[in-house]
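Participant: Before we start, here is the structure in question, set down as structure tokens.
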Amino acid sequence: MKKHHSKGMSWVLRVLMAWILALSLCVPTMQSAASAESSSDPSESTTEVTETQTTSETNDETETTSGCSDETQTTSESNNETKTTEDPSADSSESDPTQSTSDSTAAADSKEVQTTVLTTSDQITLKASYVSEDRKVSDTGTFILLFKDKNKQTLSNSAEKVDGYTLSDITLEDGTAVTDVVRKKDKNDKAYYEAVDDSGSVRAQLTENETIVFHYQASAKPKRSAAKLNQTTSYSITKTIDSYSTRASMRRAKKSMNAENVTMQLYYIDASGNEKSVSQLQSTKNSRLRKAAKKADTSAVTLKDVMSNGGTYQWDDLPKYDADGNEIQYTAREVGAEKIGYQPTYQKAMINGVWGSKITNTPMLNITVGKNWANGASGRSVTVDLLRNGTNIKSLTLSADNGWTGSFGYQMPYDIDTGETYEYTIEEKTDGHYETTVTGSAERGFTISNSPSTEQVTIPITKKWENNNVGSAVTINLLSSTDGEEWTDTGKTITLDGTIDETEAEAWKASFKANKYGNDGKELKYKVSEENTGYDTTITGSTEEGFTITNTAVEVKVNKQWAGGASGDFVTVDLLQNGKKTGDQVTLNENNNWEATFEGLKKYDENGDEYKYTVAEKNEEYDTEITGSVKDGFIISNSPSTEQVTIPITKKWENDNVGSAVTIKLLSSTDGEEWTDTGKTITLDGKTDEKETEAWKAVFKANKYGKDGKELKYKVSEETTGYDTTITGSTEKGFTITNTAVEVKVNKQWADGASGDSVTVDLLQNGKKIDKLTLNEDNNWEASFKGLKKYDKNGDEYEYTVAEENEEYDSKITGSVEDGFTITNAPSTKQVTIPVVKKWKGGKSRAAVTVKLLSSTDGKEWADTGKTITLDGKTDGTETRAWKASFKANKYSEDGKEMKYKVTEENGDEYNASYDGNMNDGFTITNTSPADPEQKTDTKKTNKPKAKKNKAAVPKTGVAMPILADLVLMMSAVLAVITIRRKRISK
12 MKKHHSKGMS WVLRVLMAWI LALSLCVPTM QSAASAESSS DPSESTTEVT
62 ETQTTSETND ETETTSGCSD ETQTTSESNN ETKTTEDPSA DSSESDPTQS
112 TSDSTAAADS KEVQTTVLTT SDQITLKASY VSEDRKVSDT GTFILLFKDK
162 NKQTLSNSAE KVDGYTLSDI TLEDGTAVTD VVRKKDKNDK AYYEAVDDSG
212 SVRAQLTENE TIVFHYQASA KPKRSAAKLN QTTSYSITKT IDSYSTRASM
262 RRAKKSMNAE NVTMQLYYID ASGNEKSVSQ LQSTKNSRLR KAAKKADTSA
312 VTLKDVMSNG GTYQWDDLPK YDADGNEIQY TAREVGAEKI GYQPTYQKAM
362 INGVWGSKIT NTPMLNITVG KNWANGASGR SVTVDLLRNG TNIKSLTLSA
412 DNGWTGSFGY QMPYDIDTGE TYEYTIEEKT DGHYETTVTG SAERGFTISN
462 SPSTEQVTIP ITKKWENNNV GSAVTINLLS STDGEEWTDT GKTITLDGTI
512 DETEAEAWKA SFKANKYGND GKELKYKVSE ENTGYDTTIT GSTEEGFTIT
562 NTAVEVKVNK QWAGGASGDF VTVDLLQNGK KTGDQVTLNE NNNWEATFEG
612 LKKYDENGDE YKYTVAEKNE EYDTEITGSV KDGFIISNSP STEQVTIPIT
662 KKWENDNVGS AVTIKLLSST DGEEWTDTGK TITLDGKTDE KETEAWKAVF
712 KANKYGKDGK ELKYKVSEET TGYDTTITGS TEKGFTITNT AVEVKVNKQW
762 ADGASGDSVT VDLLQNGKKI DKLTLNEDNN WEASFKGLKK YDKNGDEYEY
812 TVAEENEEYD SKITGSVEDG FTITNAPSTK QVTIPVVKKW KGGKSRAAVT
862 VKLLSSTDGK EWADTGKTIT LDGKTDGTET RAWKASFKAN KYSEDGKEMK
912 YKVTEENGDE YNASYDGNMN DGFTITNTSP ADPEQKTDTK KTNKPKAKKN
962 KAAVPKTGVA MPILADLVLM MSAVLAVITI RRKRISK
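Counting from 12, one number per residue, gives the positions in the sequence shown under this note's numbering.
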């Protein structure tokens, strides 16, 4: 078989070599054709490359320009320098060829002209002439326009000076200061610029010519005098304390004079009459007014500094006129005085020859209030109102969070306009009811004291008895609550016994007196409870109407019913309390219409647990059933019925399984919902006897009617058998009980060349072996475990698995009980170690010997395994000791049989080699020199295998000589192809 394989490989290699050779010869030809086609028009090819390269370079240049490279910026600066050096007196109508080209380009595309003029955000230096309406040049100079934003819509002035000027330094002949230049477009989409002043009014236009010209436009704004903006003025203040002061306020005044958090601040009045901080003048658009405001010291001054300066202060060098020439009106304000208890008033006055403000501080009252709870009174919070001359002016909330104290802040002691002294009082607002007292005054502070309200309510109590029963004395408790949910025992009690005395104004009547409000001021709710009397208690009423407590005794009614034709003269019925006879009896007969009642019974025992009342009938003559309850009354029914029904039972087994004896129960029901065990059972074991009329068949006999006279329904159940159970049928047709056993299928698969005659498979139940079977070719390597129980005696489901008894293969098990199990066997990978020892006898040992390993499955036919060991007496990776080594080989063959091994020495006949040992203990090969006169050749000890006919002695290397020849031939062809291609390329 290996020879055929070698020939096949040889042909494959030859075909592959031919294909490579053909392909290599075709590729250069295709390349030559393509080269010829490409060289047919060399100029065209060169042009395309050049154009592509030029485009790439152009793109690179464009990217560099858009990125604002140094080279682009240098060019822009050079152009600007060229324009600056032109004659400033040149007529603006003259144009440069370069400019004409730019203009013509702009006419073609206005956006490109704008881009050319306004290329980057760098500064653009332009030539400018300032021309009056009579077209006379008043001045010339250079100024800088800077882009204010990325959209190029606005140009802004720069603080950077050019020729000694900035844009704000340029003033037109009428005194207008140019503060900004705005870019616009006319109806022809041509760009121009507008020069605006600090108020935003357009004062001139700047057109895009070679020489930028300002054209005057009419302006309604009057001309402003620059001289006025240089004039200054002063503003003074003086500080005094009102003469109305108590000693305490005077002491506070002296102390507060050193306050640094109270400041005097300067303001000015704008055109609308609003007060504004003087600091806003420092940011006005008018440059001269702005500079004048910045020079003046307009900062705020502290009260401490004013008082240390004799109570006066003066601001100097203030701008006197605004940008329109109007005189600026100043004023001053004291900030923070209210926080330290003063109310400032202002009066215009001449102070040291300078107009200013006289500031007078009036000490205010700091009105405080505190809350005091007395005699256990409490609350969550209260609201206190401050009244000035009877009118509420402020409110605050007192609670535990602020320590029940607070302040209404500083208040004026009198009316500034009339001088009338104010009267301050306080009022408390609370959702509770207390006894309230207010002490103190506005000057000393107020204190509000609350104590619990003493108002009371009267709560009438009435006791009633029901069911013709009057008990003994009862005790009634009073409970209170503020929310109607949580109740507290007040400790107040009343005892009623039906005797009129100072407590009971009438029999079984009395009343409670209690507080109307609790300590927290909330109105109280009341209810009553009765200490245990043993009777059912009902309480109705309310705090306002009074409460009625009704006690009701338990009544137990009993009624006699006769069923199924039964009858009698009388019956005696006992009353049971918690299952014990109380001694109370009633007799039922026709005279009382077979009805009676047990009366005056207590419902609860001394621990408050409810009694359970039942009845029992004294008789043995009837089947008796008692139904009902204490609430509905009891009914005693008697029925003498003995009529029965016959219910057939059949037992079936599925999956070829017949189990052992089973027990079947009979259950009954009157409504088909609630089922009761009748206590009747049948045991079936497949044996015919007095119970089983046939194998696995029997019948139940049972009452047709229940104790209540209703026809009974029946069903059956089977005590656990361990199998799946299905029950079908009815009372009339009988019931069939079917048991189904579990079946476990198993299948055998062989893989990777493994084979065998048979295998043994074990069945495991919850991990324990319970059965086994054999798989072989006769059963097509398939079989089943049958008749298995599904459940154990506790009703828990068994877990079934399989295992194979073998060590000869590597096994893998897959599948499940439902789908069956598959056992796959592959050849075993287990190995054995076979020691080999070489001995020399008589004469010198050879340099080296080679030992072969032979294998067999039956010990008769031996095959060379291909494994060899070379021994030379030198310890290395092969020889663990001199002339000692070992083989490792598979323990089992592919068909699962245990292998047998022996060894043989190559050319062992030259030294009369003899062999001792076995594969388990190892082999010893002894060589005896022919020169030894004592040496005798014993053919029986020779372990040399017999040569077989028609078998080559060539080692099984797995490679045939034709394949090697083909490989050499293919390599030669490849080298030839490479040489040819190199020559063609060089040409």
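Backbone N, C-alpha and C fix where the C-beta goes; we use that ideal spot for every residue, glycine too. Just so it is clear, the structure is predicted and the values come from calculations on it, not from any experiment.
Relative to the C-alpha of lysine 571, which candidate in Leu599, Ala564, Thr544 has its C-alpha closest?
Facilitator: Lysine 571 has its Cα closest to that of Leu599, out of Leu599, Ala564, Thr544.
Participant: Which first and last residues belong to the alpha helix (DSSP H) in which leucine 300 is found?
Facilitator: Taken as a continuous stretch (DSSP letters only), the alpha helix (DSSP H) holding leucine 300 covers 298 to 306.
Participant: Bridge partners for leucine 397 per DSSP, in chain order?
Facilitator: According to DSSP, which records beta bridges pairwise, leucine 397 is partnered with Lys405, Ile437.
Participant: Which term fits phenylalanine 581, buried or exposed, when burial requires 16 or more other beta carbons within 10 angstroms of its beta carbon?
Facilitator: Answer is exposed; the Cβ neighbour count stays below 16.
Participant: What's the C-alpha gap between threonine 657 and threonine 694?
Facilitator: Near 17 Å, if we compare the C-alpha coordinates of threonine 694 and threonine 657.
Participant: Taking the CB atoms as reference points, tell me whether isoleucine 370 and tyrosine 353 lie closer together than 8 Å.
Facilitator: No; because the gap between Cβ atoms is not below 8 Å, this pair is not in contact.
Participant: With a cut-off of 8 Å on the beta carbons, I'd call tyrosine 246 and leucine 314 a contact; round off their distance for me.
Facilitator: Their Cβ separation, rounded to whole angstroms, is 17 Å, which puts tyrosine 246 and leucine 314 out of contact at 8 Å.
Participant: Since glutamine 842 and alanine 900 are thought to touch, with beta carbons under 8 Å apart, how far apart are those beta carbons, to the nearest angstrom?
Facilitator: Contact flag correct, Cβ pair sits at about 6 Å.
Participant: Would you identify the three-state DSSP class for serine 986, choosing helix, strand or coil?
Facilitator: Strictly speaking, residue 986 in this sequence is leucine, with serine absent from that position. Helix, per DSSP.
Participant: Considering only residues of the region 302 to 368, which uninterrupted alpha helix (DSSP H) runs meet the minimum length of 4 residues and lie entirely inside it, listed in chain order?
Facilitator: List check, alpha helix (DSSP H) in window: 314 to 319.
Participant: Taking all protein chains shown into account, decide if alanine 762 is buried (16 or more other Cβ within 10 angstroms of its Cβ) or exposed.
Facilitator: Per the 10 Å Cβ criterion, exposed.
Participant: Mind reading off the beta-carbon distance from threonine 342 to isoleucine 427? Whole number of angstroms is fine, and I expect it under 8 Å.
Facilitator: Their Cβ separation, rounded to whole angstroms, is 19 Å, which puts threonine 342 and isoleucine 427 out of contact at 8 Å.
Participant: Are isoleucine 660 and valine 626 closer than 8 Å when you measure CB to CB?
Facilitator: Contact: no.
Participant: I need the boundaries of the beta strand (DSSP E) containing proline 659, first residue and last residue.
Facilitator: From DSSP, the beta strand (DSSP E) with proline 659 extends over 655 to 665.
Participant: Hey, methionine 375 and tyrosine 435: beta-carbon distance below 8 Å or not?
Facilitator: Contact flag unset, no.
Participant: Can the beta-carbon of leucine 865 be found less than 8 Å from the beta-carbon of tryptophan 873?
Facilitator: In this structure, tryptophan 873 lies closer than 8 Å to leucine 865 by Cβ.
Participant: Cα separation between leucine 300 and glutamine 291?
Facilitator: Near 11 Å, if we compare the C-alpha coordinates of glutamine 291 and leucine 300.
Participant: Can you tell me which of Lys198, Gly831, Gly697, Glu438 puts its alpha carbon nearest to the alpha carbon of glutamate 754?
Facilitator: The candidate whose alpha carbon is nearest that of glutamate 754 is Gly831.
Participant: Closer than 7 Å by C-beta to aspartate 782: which residues in its own chain qualify, once you throw out the five before and the five after it? Chain order, please.
Facilitator: Result list for aspartate 782: Leu774, Phe796, in chain order.
Participant: Rounding to the nearest angstrom, what Cα-Cα distance links asparagine 480 and lysine 614 in this structure?
Facilitator: Approximately 13 Å between the Cα atoms of the pair.
Participant: Have a look at lysine 691 and serine 728 and give me their C-alpha separation to the nearest angstrom.
Facilitator: Roughly 11 Å separates the two Cα atoms.
Participant: Please specify which runs of the beta strand (DSSP E), each continuous and at least 3 residues long, are wholly inside the region 428 to 512, giving them in chain order.
Facilitator: Complete beta strand (DSSP E) runs here, min 3: 435 to 440, 445 to 452, 456 to 463, 467 to 477, 485 to 492, 499 to 507.
Participant: According to DSSP, is serine 766 helix, strand or coil?
Facilitator: If DSSP states are grouped into helix, strand and coil, serine 766 belongs with coil.
Participant: Out of Gly322, Lys195, Ala311, Gly284, state which residue places its alpha-carbon closest to the alpha-carbon of asparagine 252.
Facilitator: The amino acid at residue 252 is misidentified as asparagine; the sequence shows isoleucine. If we check each option's Cα against that of isoleucine 252, Gly322 comes out closest.
Participant: At 3 residues or longer, and completely inside the region 706 to 743: list those beta strand (DSSP E) runs for me, N to C.
Facilitator: As far as the region 706 to 743 is concerned, its whole beta strand (DSSP E) runs of at least 3 residues are 708 to 714, 724 to 729, 735 to 741.
Participant: Taking only three categories from DSSP, how would you classify tyrosine 922?
Facilitator: Tyrosine 922 falls in the helix class under three-state DSSP.
Participant: With a Cβ-Cβ cutoff of 8 Å, do glycine 907 and glycine 767 count as a contact?
Facilitator: Cβ atoms of glycine 907 and glycine 767: closer than 8 Å.
Participant: Name the two residues that bound the continuous beta strand (DSSP E) containing methionine 275.
Facilitator: Run containing methionine 275: 274 to 280, per the beta strand (DSSP E) assignment.
Participant: Quick check: aspartate 412 and isoleucine 437, are their CB atoms within less than 8 Å of each other?
Facilitator: No, the pair does not count as a contact, with Cβ atoms beyond the cut-off.
Participant: Take the Cβ of serine 648 as the centre, count every other Cβ of all protein chains shown within 10 Å, and call the residue buried at 16 or more, exposed below.
Facilitator: The residue in question, serine 648, is buried, as its Cβ has 16 or more Cβ neighbours within 10 Å.
Participant: Please state whether DSSP places arginine 993 in a helix, a strand or coil.
Facilitator: Of the three classes helix, strand and coil, the one that applies to arginine 993 here is helix, per DSSP.
Participant: Which residue or residues does DSSP assign as beta-bridge partners of leucine 678?
Facilitator: Note: leucine 678 sits in a beta bridge opposite Asp688, Lys726.
Participant: Return the first residue and the last residue of the beta strand (DSSP E) that leucine 882 is part of.
Facilitator: First-last of the beta strand (DSSP E) with leucine 882: 874 to 882.
Participant: Between which two residues does the beta strand (DSSP E) containing valine 567 stretch?
Facilitator: From DSSP, the beta strand (DSSP E) with valine 567 extends over 565 to 573.
Participant: Using the three-state DSSP reduction, which class does serine 247 fall into: helix, strand or coil?
Facilitator: Note: serine 247 maps to strand in three-state DSSP.
Participant: Can you check whether the C-beta of glutamate 555 is within less than 8 Å of a C-beta belonging to chain B?
Facilitator: Absent from the structure: chain B. Only one protein chain is present.
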